[in-house]
Structures are given as structure tokens and as C-alpha cells.
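Just below is one structure, and these are the notes that go with it.
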Amino acid sequence: MPRRKKKANSDDHIDRISDIPSNVIDNILKHLPIDELIRTSILSKKWRYKWSFSPTLEFENDFFQKYKHLKYLETSNIISNVLLLHIGPIYKFSLHIPTNIPIKMECLSKWILFISRNGIQDLKLVNFQIDAFQTPSHLFSCQELTCLKLQSFKMSIPSNFKGFKNLLELHLFYIRFESTALDSLISGCPLLGVLIVSHCSGFEHINVSTPTLKLLNVEGDHIIKSVCSERVNNLHDLKLIAKKPWDNSQSGRISYLIKGMPNIENICLGPGYIKIFSIGCIPPQMRQISSNCLKHLALKGVNLNEARELLWITSLLKSSPNLKELFIKCDSQAMPLVEQQQIVLESNCNRYYLNQLQIVRIIVKSVDKNELNMVRFLLANSSSLKILMFKVCCLKKSDAAAVLKLSRELLQMKRASQRAEVKLLYDDLNE
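Structure representation (C-alpha cells):
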């Protein structure tokens, strides 16, 4: 009897990968590294040119790590070819320039020129090389930018710069500004909502007059002389950190900064800025600060043995009735304690200032009376407090007697909140 020929199963010939809906394919491609994105061209005919329509191109550390065996010209050629073969808009472009693969300025300028003509909205250029690049002039032609992140570049603003009218976020790291470049850049961004200026140089003042600004973060080695923040009533987050200590010549107008921000919710300050803000807090003309919207406060490098700092902090706390979280890192220096002790103790009266405060974290190098008085003040005036964590860096579990003594003192302190937990932490005890 002749063998019956099996009928081929039609399912065996279905190209399932080509039947994936286009929107699903686009979503898959969006999350692939650049080299894997290009490799999808071999999956099927339908996928062959799909990668070239991807609106996101990211040449970051993984890309350069995979091609580290190539010469720098070959690596640059790969990037150039990807751009030349690309079809359609490029909304997001990211480039990390590694230390071990030099990229010519000529190549970088051509790449930026190409994406400037293709609707770029989110641009990230990170330079890890020792020498800072000059910012490509074509970058200032990217009129559709909504997010710009730059690291380790020199920047001067071309005379024909028309501003970034759509820019919402500006992140600047280790940028060397020429003359008034920073002011010109910021003033050309009328919709700016996030401004981060970290370890940049070439300026002493920051002028911001954008009513849409919600976050301002300024970090660096030196304290800037002034922050002019006119019409920034919508600012919610403020961070000011400097590595170098404060000196008398740097007070400027920055001490008036918080007063002009009625809707501020989150504040983080370093030691130099704390000292500047505290300048005006000397009785009987103590500057009153209205911070009704303040919810999160972080003070790093506080000297509680300095009368003016202690006055300013307690004044700020008492005028922040909606504060929910407080972080204080103390760096107190030895000084006479009589005057400072009285400041805290006398501020403790029958009314509760901090009705909304729930979480407090305090870190100290060693324990002195003023730091314990601050704990006492917070416990006595926080009726909704849930937990207060008090960490002593120099204290170890082996110091049993000191740990026991401090624990007893903390437990005996009067508390406005019956449910408040006081947790003592030290170096060899995990939080």
C-alpha cells in the first residue's frame, strides 16, 4: 500500500516574527542597545529597515565597551554610518565619549548637525575625557529641544542664538562658561522647569526669571555670590551645595533667596549656604522666613555650636508648620555652650510648632549638649512625629557604657507625640 504523503502543516510556514504589530515592534526597538537594534535587520524582511526608523539612538558605555578593540576612526565611522542610514526623525540622541577612545571634534560637529535637522528633542552629550570639548555650534540650532544634558564642555553662546524656546530641562555638569554664557543660555529658555548646574565654572551669579522653574540645583566647589530668582513663584525644589567653606566676602544677596520662594517644598543646603542664610538671624532683627509649603528639609554640615546658625534653623523650623521630613548632618565645632543652650531651651514653649513633622534623621560626629538640645526641641514640638533616628558616627557597639547612657538620655526626653520612636544608630550598627 503506497505511503500516504503527509500534508504540510501550514503553520510551519508562518513568519510569526513578521506578524508582530508595528507598534509592538517599535516599542521593542526603543529598549534595545544600539548594536542589537541594528542586528534586528536580519530577523525578517519586515524588520530589515525597522531599526532605521527608530527615534532613539544611544551610543553610551556599553556600545564603546563592545567596540573597544577597534581604532577610534572605525568607531566614529560606525556612528556616522548609523546616522547616514537612519530614516525619519531622531527625537532622542545620547553620546558618551569615553576616556580611551578619542573622538574628533569634526566628527562630533557633523553628528550634531545631522540630528539638529531631524527634530531632536532630548540630547545628552557626556564627555569623560580629560580635556573639555568646545560645545558644537550646531547644538544651538536645535530649536525643538525639550531636554539638554551636557558634561565636560566649554561653552560660549553664538551671536545668532535664538534661545531654546521649548526647553524644559537643562542639566549642566563640569561646563566651563565664557563671559556671560550661562546668563544668555538661561534667559533663552522661557519654559525651563528644571535647572541643574553642577561643578561648573566661569560665573559668579545665577540669574533666573523663569516663572515655570520648579527645580533649581546648584552644586560646586565654590559658593556663588548671588542667585537672582525673580518671578520663580512655582519653584518647589532647591538644592545649594558647595565644597569650599564660606567667607565674609561671599554673602551677597543669596541670603534673601528662600524669602522670595513662597511655594518651596524641598530644600537641601550645604554648610556654606547655611552660614550665609543665617547672617540675618541675629536678634533683635531676626529675619522671618515664611515657609508654609516646606515639606522636606535637608541641612548638611550644620554647626549647632554657632549661635547664628542655631537661631536661623530654629526660626526656619518654627515657621514651617507643614514640614514632614527633616534631615540634619552636624559638623559642630567646639565653642562656649552657655548662650547656645539657652536659645534652644527658651524656644520650647507650650505650643507645638511642627504639627506635621513625621520623620527626623540626625547624624553627628560626636555628642554634645547642643545636639541633644536640638533632639529635645524636636521631640517636644512635633506632635505627629513617628520616628527620630539619631546616628553618632564615632560611637561603636563596643562602647557599651556610652551607648547605654545616651540611650537613657534620649528615652527620658519629653515627647509631644506618644507614638514617636527614637532610634539610636552608630557606626557598626546597620540602619
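Going by the numbering used here, the sequence shown opens with residue 468, and the numbers climb by one from there. Every residue, glycine too, gets a C-beta built ideally from N, C-alpha and C.
According to DSSP, residue i sits in a beta bridge with which residue or residues?
{"i": "R643", "result": "K621 and S668"}
{"i": "D704", "result": "L682 and N733"}
{"i": "K767", "result": "K796"}
{"i": "V827", "result": "L793 and L855"}
{"i": "L524", "result": "F560"}
{"i": "G687", "result": "A709"}
When burial is assigned at 16 or more other CB atoms within 10 Å of the CB, is residue i buried or exposed?
{"i": "N548", "result": "exposed"}
{"i": "L871", "result": "exposed"}
{"i": "S626", "result": "exposed"}
{"i": "D589", "result": "buried"}
{"i": "C797", "result": "buried"}
{"i": "P738", "result": "buried"}
{"i": "R698", "result": "exposed"}
{"i": "S668", "result": "exposed"}
{"i": "T566", "result": "exposed"}
{"i": "C861", "result": "exposed"}
{"i": "E541", "result": "exposed"}
{"i": "G555", "result": "exposed"}
{"i": "K742", "result": "buried"}
{"i": "R843", "result": "buried"}
{"i": "K676", "result": "Just to set this straight, residue 676 is Ser in the shown sequence, not Lys. That one is exposed."}
{"i": "I597", "result": "exposed"}
{"i": "E838", "result": "buried"}
{"i": "A868", "result": "exposed"}
{"i": "R882", "result": "buried"}
{"i": "M841", "result": "buried"}
{"i": "M622", "result": "buried"}
{"i": "S646", "result": "exposed"}
Once DSSP output is grouped into helix, strand and coil, what is the label at residue i?
{"i": "S693", "result": "strand"}
{"i": "N674", "result": "strand"}
{"i": "T679", "result": "coil"}
{"i": "L637", "result": "strand"}
{"i": "E776", "result": "helix"}
{"i": "L784", "result": "helix"}
{"i": "S662", "result": "It should be noted that the sequence gives Leu, not Ser, for residue 662. Note: L662 maps to strand in three-state DSSP."}
{"i": "L540", "result": "helix"}
{"i": "E806", "result": "Low per-residue confidence applies at E806: pLDDT is 48, beneath 50, and the placement is therefore not dependable enough to give any value."}
{"i": "L812", "result": "At L812 the pLDDT is 46, less than 50, meaning the model places this residue with poor confidence and gives no usable figure here."}
If you follow the alpha helix (DSSP H) that residue i is part of, which residue opens it and which one closes it?
{"i": "N528", "result": "N528 to K533"}
{"i": "D650", "result": "A648 to S654"}
{"i": "K762", "result": "Looking at the DSSP string, K762 is not in any alpha helix (DSSP H), and its letter there is neither H nor E."}
{"i": "F744", "result": "P738 to F744"}
**Asked** Quick one: complete beta strand (DSSP E) runs, 3+ long, within the segment 546-620?
**Response** 559-564, 589-594 and 614-618, all fully within the segment 546-620.
**Item:** Secondary structure, alpha helix (DSSP H): runs of 4+ residues fully inside the segment 832-897
**Value:** Counting only runs of 4 or more residues that sit fully inside the segment 832-897, the alpha helix (DSSP H) segments are 836-847 and 867-878, in chain order.
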